[in-house]
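Which chain is which? The protein sequence lines are H and L, in order.
Counting with the working numbering, you get residues 109 to 306 for the letters of the first sequence.
Counting with the working numbering, you get residues 109 to 306 for the letters of the second sequence.
Cβ atoms here follow ideal geometry from the backbone N, Cα and C, with glycine treated the same way.
Scroll down for the structure; my scribbles are underneath it.
Number of protein chains: 2
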Amino acid sequence: MSIESARRVRRSPEAARENILQSAERLLLERGPQGLKLVEVAQGAGVSHATVLHHFGSIDGVQTALAEAMIRQLVARVLEAERPDDPEAQLEGVGQVLFDAFESAGGARLAAWLELTGETRRLTLVREAVAEVISGPMAQKGVDPERATNLILVAVSLAMGVGLIGRSLAELVGRPPETTREAALAFLKTGLAAAIKT
Amino acid sequence: MSIESARRVRRSPEAARENILQSAERLLLERGPQGLKLVEVAQGAGVSHATVLHHFGSIDGVQTALAEAMIRQLVARVLEAERPDDPEAQLEGVGQVLFDAFESAGGARLAAWLELTGETRRLTLVREAVAEVISGPMAQKGVDPERATNLILVAVSLAMGVGLIGRSLAELVGRPPETTREAALAFLKTGLAAAIKT
DNA sequence: AGAGTTACCTACAAAAATGTCAATAGAGTC
DNA sequence: GACTCTATTGACATTTTTGTAGGTAACTCT
Numbered sequence: 109m110s111i112e113s114a115r116r117v118r119r120s121p122e123a124a125r126e127n128i129l130q131s132a133e134r135l136l137l138e139r140g141p142q143g144l145k146l147v148e149v150a151q152g153a154g155v156s157h158a159t160v161l162h163h164f165g166s167i168d169g170v171q172t173a174l175a176e177a178m179i180r181q182l183v184a185r186v187l188e189a190e191r192p193d194d195p196e197a198q199l200e201g202v203g204q205v206l207f208d209a210f211e212s213a214g215g216a217r218l219a220a221w222l223e224l225t226g227e228t229r230r231l232t233l234v235r236e237a238v239a240e241v242i243s244g245p246m247a248q249k250g251v252d253p254e255r256a257t258n259l260i261l262v263a264v265s266l267a268m269g270v271g272l273i274g275r276s277l278a279e280l281v282g283r284p285p286e287t288t289r290e291a292a293l294a295f296l297k298t299g300l301a302a303a304i305k306t
Numbered sequence: 109m110s111i112e113s114a115r116r117v118r119r120s121p122e123a124a125r126e127n128i129l130q131s132a133e134r135l136l137l138e139r140g141p142q143g144l145k146l147v148e149v150a151q152g153a154g155v156s157h158a159t160v161l162h163h164f165g166s167i168d169g170v171q172t173a174l175a176e177a178m179i180r181q182l183v184a185r186v187l188e189a190e191r192p193d194d195p196e197a198q199l200e201g202v203g204q205v206l207f208d209a210f211e212s213a214g215g216a217r218l219a220a221w222l223e224l225t226g227e228t229r230r231l232t233l234v235r236e237a238v239a240e241v242i243s244g245p246m247a248q249k250g251v252d253p254e255r256a257t258n259l260i261l262v263a264v265s266l267a268m269g270v271g272l273i274g275r276s277l278a279e280l281v282g283r284p285p286e287t288t289r290e291a292a293l294a295f296l297k298t299g300l301a302a303a304i305k306t
């Protein structure tokens with residue numbers, strides 16, 4: 109048994125916040141919104157709960173910051189992967205990318221959380237992302253904006269649904285968890301192709 | 109100011125539980141999972157919080173019961189509307205129904221909540237419903253079970269996504285809220301038709 | 001009407017969660 | 001090494017949330 113009190117780590121404010129947010133995200137994804145407690149977040153980050161308050165002011169501050177960070181992450185991932193200049197691969201991959209974004213790192217769960225909490229305000233980032241896709245890749249293919257928007261709405265919704273309940277849904281009917289995703293991907297692909305060619 | 113203490117209402121156990129669950133559901137849908145507090149549920153139901161405990165044992169008991177009730181509701185609604193004997197209307201309406209089920213009465217939000225909370229166990233009802241659809245309407249159309257399952261997985265996921273974020277997503281890009289739903293419906297319909305005919 | 005059952009309540013108790021404050025200790029600067 | 005700055009912390013205080021106990025009252029049955 110060591111006598112000396114645990115040597116404290118002193119981080120830069122940014123690093124500290126980052127560290128704490130990671131813990132919060134982990135908790136959110138593992139235990140759901142209800143599991144986002146001050147002390148647990150602190151524990152997971154290896155700091156005292158007072159430290160969390162010092163950096164975020166309140167538990168709401170943590171939630172807000174977390175939401176913002178996760179959204180930023182999600183949008184960034186989508187946009188980045190949307191960029192390849194090969195138009196073919198683009199159409200092919202847009203589904204992949206979208207699904208990945210919503211499935212991995214809890215993108216869908218984040219969105220669900222935001223919806224459930226009614227935090228739909230701070231989604232400006234998303235709007236911008238959508239606008240970018242419409243005026244970018246889609247426009248290049250000559251899809252008119254109206255239809256492009258519709259396609260995006262559907263695709264994102266689908267990705268959302270798949271990301272959220274895809275796996276457990278598949279397991280529920282006795283299939284391997286990736287089944288939903290694959291089926292949705294195929295469905296989306298043919299649908300997209302058809303819609304664009306018209 | 110009335111002197112007499114408010115005359116208490118005495119319900120049957122079932123009615124009491126029902127009443128409380130309704131309040132809980134309202135709260136869940138309005139304020140999200142975090143808003144599901146014992147006292148608020150009680151207030152909304154017009155009873156003391158002790159009464160809630162009397163009927164459900166604990167706050168977890170309330171959650172469990174609520175989840176169960178909402179699932180039952182959701183599944184029932186889907187199945188019931190799946191039944192019309194006109195096969196044409198069936199294909200036409202399956203999307204409608206599905207979307208309604210998930211959009212109204214917070215079906216999607218329920219599912220999201222369950223997912224976020226990790227309460228995926230008590231979904232046996234869902235499995236049964238899916239099985240029923242596969243062996244019923246789908247089989248009548250001669251769709252092989254494998255493919256039927258896939259279609260259902262996709263359709264449900266899509267309904268889920270639309271029900272959850274459809275409206276706010278549409279508004280986010282400056283369209284009327286029903287846009288997502290309509291677009292998804294069209295998309296699903298053509299997709300389904302194509303898949304079935306093959 | 002009287003008795004039994006139990007849904008319901010008020011008051012209290014306990015626990016959990018959030019937030020405050022003054023003191024401590026890393027890390028850089030002079 | 002002394003000094004400054006502030007991230008960090010333990011101890012305390014407050015508020016919120018959940019749970020308990022015992023009595024009251026509504027309803028049913030006889």
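(1) List the whole-angstrom C-beta distance separating G226(L) from G201(H), where the pair is believed to meet the contact cut-off of C-beta under 8 Å.
(2) Assess contact between the region 122-140 of chain H and the region 149-164 of chain H, defined as three or more Cβ pairs (one per stretch) separated by less than 8 Å. Is contact present?
(3) When you check each C-beta in the region 201-227 of chain L against every C-beta of chain H, which residues fall closer than 8 Å?
(4) Extract the residue ranges of the alpha helix (DSSP H) inside the region 155-240 of chain H, only unbroken runs of 4 or more that lie entirely within it.
(5) Contact defined as beta carbons within less than 8 Å: I believe L174(L) pairs with L136(L). What is the distance between those atoms, to the nearest angstrom?
(6) May I ask which residues mark the beginning and end of the alpha helix (DSSP H) holding V270(L)?
(7) What number of angstroms, rounded off, separates the C-alpha of M109(L) from the C-alpha of S156(L)?
(8) Which residues, in chain order, does the region 268-281 of chain L contribute to contact with chain H at a C-beta distance below 7 Å?
(9) Distance cutoff 8 Å, beta carbons only. Does V312(H) sit that close to anything in chain L?
(10) According to the Cβ coordinates, are V251(L) and F207(L) closer than 8 Å?
(11) Taking Cβ positions only, does N258(H) come closer than 8 Å to chain L?
(12) Cβ of R185(L) less than 8 Å from any chain H Cβ?
(13) Given that a residue counts as buried once 16 or more other Cβ atoms are within 10 Å of its Cβ, and exposed if not, what is R275(H)?
(14) Which of the three DSSP states, helix, strand or coil, is assigned to P285(H)?
(15) Whole angstroms are fine: how far does the CA of R118(H) sit from the CA of A184(H)?
(16) What first and last residue would you give for the alpha helix (DSSP H) that runs through G152(H)?
Working from what's here:
(1) The residue you call residue 226(L) lines up with position 118 of the second sequence. The residue you call residue 201(H) lines up with position 93 of the first sequence. The pair is not a contact, with the Cβ atoms about 31 Å apart (cut-off 8 Å).
(2) Counting C-beta pairs with one atom in each stretch, the region 122-140 of chain H and the region 149-164 of chain H have three or more that are closer than 8 Å, which means they touch.
(3) Residues passing the 8 Å Cβ filter: R217, A219, A220, W221, E223, L224, T225, G226.
(4) Taking only runs of at least 4 residues, the alpha helix (DSSP H) segments lying wholly in the region 155-240 of chain H are 157-164, 167-189, 195-211, 215-225.
(5) Within the second sequence, residue 174(L) is the residue found at index 66, counting from 1. Within the second sequence, residue 136(L) is the residue found at index 28, counting from 1. Confirmed, Cβ separation roughly 7 Å.
(6) As a working mapping, residue 270(L) is identified with position 162 in the second sequence. Counting along the chain, no alpha helix (DSSP H) covers V270(L), and no H or E run does either.
(7) Indexing the second sequence from 1 puts residue 109(L) at position 1. Indexing the second sequence from 1 puts residue 156(L) at position 48. The predicted position of M109(L) is uncertain, since its pLDDT is 40 and thus under 50; a value taken from the coordinates is nonetheless stated next. Near 21 Å, if we compare the C-alpha coordinates of S156(L) and M109(L).
(8) Flagged, chain order: M268, G269, V270, L272, I273, G274, S276, L277, A278, L280, V281.
(9) There is no way to answer for residue 312(H), as the model of chain H reaches only from 109 to 306.
(10) Start at 1 with the first residue of the second sequence, and residue 251(L) comes out as number 143. Start at 1 with the first residue of the second sequence, and residue 207(L) comes out as number 99. Their beta carbons are not under 8 Å apart, which means V251(L) does not touch F207(L) by this criterion.
(11) Taking the first residue of the first sequence as 1, we reach residue 258(H) at position 150. Taking Cβ atoms only, chain L reaches closer than 8 Å to N258(H), which makes this a yes.
(12) Within the second sequence, numbered from 1, the residue matching residue 185(L) stands at position 77. The Cβ of R185(L) sits no closer than 8 Å to any Cβ of chain H.
(13) As a working note, residue 275(H) is residue 167 in the first sequence. Counting C-beta atoms within 10 angstroms of its own C-beta, R275(H) has 16 or more neighbours from the protein chains shown and is therefore classed as buried.
(14) Position 177 of the first sequence holds residue 285(H). The answer is coil: DSSP assigns P285(H) none of H, G, I, E or B.
(15) Locating residue 184(H) in the first sequence gives position 76, counting from the first residue. Locating residue 118(H) in the first sequence gives position 10, counting from the first residue. Distance from the CA of A184(H) to the CA of R118(H), rounded to the nearest whole angstrom, comes to 30 Å.
(16) As a position in the first sequence, residue 152(H) is number 44, starting the count at 1. Where G152(H) is concerned, the enclosing alpha helix (DSSP H) starts and stops at 146-153.
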